[in-house]
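Going by the numbering used here, the first residue of the sequence shown is number 2, and it counts up by one from there.
Just so you know, even glycine gets a beta-carbon here, dropped at the ideal spot from N, CA and C.
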Amino acid sequence: MLILGIETSCDETAAAVVYNGKKIRSNIVSSQVHFHKKYGGVVPEIASRKHLESIVSVIADALQQAAVTLADIEGIAVTQGPGLVGSLLVGINIAKAIAYCRKLPLVGINHLEGHICAAALELDSFPFPSVTLVVSGGHTSLYLVQDFGQYRLLGKTQDDAAGEAFDKVAKLLNLGYPGGVVIEKLAQKHPVSDIPFPRPLLHDDTFDFSFSGLKTAVLYYVRRLGEKLTEDVIGSIAASFQEAVVEILVEKTIKAAIKNGVQSIILAGGVASNSRLRQCFYDQAAAKKLSVYIPSPILCTDNAAMIGAAGEHRMKTAGTFPFAMNALSRWPLA
Ligand code: KG4
Ligand code: ZN
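1) Given 7 Å as the limit, tell me if Asp303 has its C-beta closer than that to any heavy atom belonging to the ligand KG4.
2) Examine the ligand KG4 and report whether any of its heavy atoms sits within less than 7 Å of the Cβ of Asp233.
3) In terms of residue numbering, what span does the alpha helix (DSSP H) encompassing Asn175 cover?
4) Going by CA-CA distance only, name the one from Gly82, Val59, Val69 and Pro106 that's closest to Gly76.
5) Give a yes or no on whether the C-beta atoms belonging to Leu143 and Leu155 are separated by under 8 Å.
6) Apply the 10 Å Cβ neighbour rule to Val193 and answer buried if 16 or more other Cβ atoms are within range, or exposed otherwise.
7) Taking only heavy atoms of the ligand ZN into account, decide whether any of them is closer than 7 Å to the Cβ of Ala262.
8) Please list the terminal residues of the continuous alpha helix (DSSP H) segment that includes Thr217.
9) Note the first and the last residue of the continuous beta strand (DSSP E) segment covering Ala15.
10) Since Pro130 and Leu85 are thought to touch, with beta carbons under 8 Å apart, how far apart are those beta carbons, to the nearest angstrom?
11) Should the region 111-123 be regarded as contacting the region 15-31, the criterion being three or more beta carbon pairs within less than 8 Å?
12) Can the beta-carbon of Phe242 be found closer than 8 Å to that of Phe282?
13) On the DSSP letters alone, give me the boundaries of the alpha helix (DSSP H) that Ala288 sits inside.
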């Protein structure tokens, strides 16, 4: 099917045309970062308003880039949650309008399922069963995925998500927003990561995570340094913090794969675009004879191609959703 995917759960207005859940015909992402930057994080009302301003042109661009019109589209998939309700409503509303006018099937997609489906866009088939780490600004969760739609939660963060920790550490180091990319770039320039920040829950016997203690350790370290906080020191704080997060994510995920007897690991979500994390996963999983599938960086961060891909599968299993469908601010995958 030729599906139009729409994603407006946070601060990216995105639309994509995806064929058969695999072939990306277009993938347009309009970032609002510029508007939120000065506030140091996403301001929900601004996010909704910016989605409203740009959603029509983003969809028009996606259709144009795919060289199709609405008459060619065979189904609409839209992010239904979890996310900012005001933002979700913009995408859901336009998805309903198009589905109504064109008499098209409509499905609401769980944003996390979308992230997982990003992996399928670059593979011949889903590498299930797999242990999947969804690591983004709002989530850090490990799932045992038997098949599309069959998710068992193995563990999740008890406090901050990993991406949130990147954002908060970048803020306390005055590096700006969003934090993940800035910290990664700084860490590349200052590869010395010898500050022994804690690795919370690394050796406990659950698959849960905790990042707020690590963030607080960085805060205390910075406070202790006071005036001595030079550019070089900030660089090694960034590198050491990133190393701690990477070590926790990689070790716990590999342990979960071994414990559950699966050969494949999937990484999904914005933090999975981090090159140090990707490299460590590839190296350490190979050493344990496990396969790791990580979408291209552009498909890790929020986009609508992943929603279009999930839509293809969801439409086959759930058919069309009623027009009364509503936004879900919370929506656990399992
Ligand atoms: O999946 P995503 O685009 O949106 C959510 O669903 O949350 O993830 C955004 C998160 C942000 O916290 C951002 O700082 C983080 O992903 N992120 C990164 C990198 N790029 C984005 N974290 C570490 N390294 C990166 N290169
Ligand atoms: Zn996301």
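According to the data block:
1) In the sequence shown, residue 303 corresponds to position 302, counting from 1. Yes, the Cβ of Asp303 comes within 7 Å of a heavy atom of the ligand KG4.
2) Stepping through the sequence shown from its first residue, residue 233 is reached at position 232. No, the beta carbon of Asp233 sits no closer than 7 Å to any heavy atom of the ligand KG4.
3) Reading the sequence shown from its first residue, position 174 is the one you call residue 175. Run containing Asn175: none; DSSP gives neither H nor E here.
4) Translated into positions along the sequence shown, residue 76 becomes position 75. Checked all of Gly82, Val59, Val69 and Pro106; the closest Cα to Gly76 is Pro106.
5) Mapped onto the sequence shown, residue 143 falls at position 142. Mapped onto the sequence shown, residue 155 falls at position 154. Cβ atoms of Leu143 and Leu155: closer than 8 Å.
6) Residue numbering aside, residue 193 sits at position 192 when the sequence shown is read from its first letter. It counts as exposed.
7) Numbered from its first residue, the sequence shown carries residue 262 at position 261. Going by the sequence as given, residue 262 is Gly instead of Ala. Checking every heavy atom of the ligand ZN against the Cβ of Gly262, none is found closer than 7 Å.
8) Translated into positions along the sequence shown, residue 217 becomes position 216. Looking at the DSSP string, the run of the alpha helix (DSSP H) that includes Thr217 is Ser213 to Leu226.
9) Mapped onto the sequence shown, residue 15 falls at position 14. Unbroken beta strand (DSSP E) run through Ala15: Glu13 to Tyr20.
10) For the purposes of this step, residue 130 is identified with residue 129 of the sequence shown, where counting begins at 1. For the purposes of this step, residue 85 is identified with residue 84 of the sequence shown, where counting begins at 1. Actually they do not touch by this definition, with Cβ atoms about 32 Å apart.
11) yes
12) Within the sequence shown, the letter at position 241 stands for residue 242. Within the sequence shown, the letter at position 281 stands for residue 282. No, these two residues do not count as a Cβ contact at 8 Å.
13) As a position in the sequence shown, residue 288 is number 287, starting the count at 1. Where Ala288 is concerned, the enclosing alpha helix (DSSP H) stretches over Ser276 to Ala288.
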